[in-house]
Structures are given as structure tokens and as C-alpha cells.
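Be aware that the sequence shown starts at 974, since it is given in our numbering, and climbs by one per residue.
Here's the structure we're looking at; comments come further down.
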Amino acid sequence: MVDGRSKQAFKDWLAERPTAWRETVEVVAMDGFTGFKTAAADELPEAVVVMDPFHVARLAGKALDECRRRGQQAIRGHRGRTGL
């Protein structure tokens, strides 16, 4: 974990690590923030960047909830109330 939620903060942290350490990194697991992905790609070009399981499940749950809401509103009207 790195202080600050920015591409530059993560990139600086990676750049401060010894070259030998960076060369051993094979996989980087993170949330879906694009800045982290591009920083990892810049500093760890050989590493595979993946989304961690927590964030995958969270995004899937969010998408399912939005789909359910749209269906519910299409069938029942706004917030499940008809005639409003």
C-alpha cells in the first residue's frame, strides 16, 4: 500500500525499489484505478497486471444490482410503485 491515490505516488514508490526487486515481480494485483495500472506498466513492464478478487466481486455485484434496478423500474415503475 502506498500513501496517496495517484499514478505518480505509485510510480515514485516503485521507482524507489531496488532494480533486483522490481525484476522479480511477476504479477501486480490492484483495484481498477487506471493510474495504478499505467504506473505498474511503466515501472514493471514484464509484470502482469490483474484486478484483485475483492474488486472483481465488487464490480460484478454493482453491475448485477444496476441490472436488477433497471428491470425492476421497467416492470414496476419508479421505485416499485405503479401509478406515480
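C-beta: ideal position from N, C-alpha, C; glycine also.
As the structure is a computational prediction, the values presented were derived from the model and not from experiment.
For residue i, which residues from the same chain have a beta carbon less than 8 Å from its beta carbon, with the 5 sequence-adjacent residues on both sides left out?
{"i": "ALA1012", "result": "LYS980, GLN981, PHE983, LYS984, LEU987"}
{"i": "ARG995", "result": "LEU987, GLU1016, LEU1017"}
Distance, Cα to Cα, residue i vs residue j?
{"i": "PRO991", "j": "LEU1032", "result": "34 Å"}
{"i": "VAL1021", "j": "VAL1000", "result": "5 Å"}
{"i": "ARG1041", "j": "MET1003", "result": "27 Å"}
{"i": "ASP1038", "j": "GLY1005", "result": "19 Å"}
Which of the three DSSP states is assigned to residue i in this structure?
{"i": "ALA1020", "result": "coil"}
{"i": "VAL1001", "result": "strand"}
{"i": "ARG1042", "result": "helix"}
{"i": "PRO991", "result": "coil"}
Which residues in the same chain have their Cβ closer than 7 Å to the Cβ of residue i, if we skip the five residues on either side of it in sequence?
{"i": "ASP976", "result": "ALA982"}
Taking residue i as the reference, give the member of the options with the closest Cα.
{"i": "THR1007", "options": "ALA993, VAL1023, ASP1038, THR997", "result": "VAL1023"}
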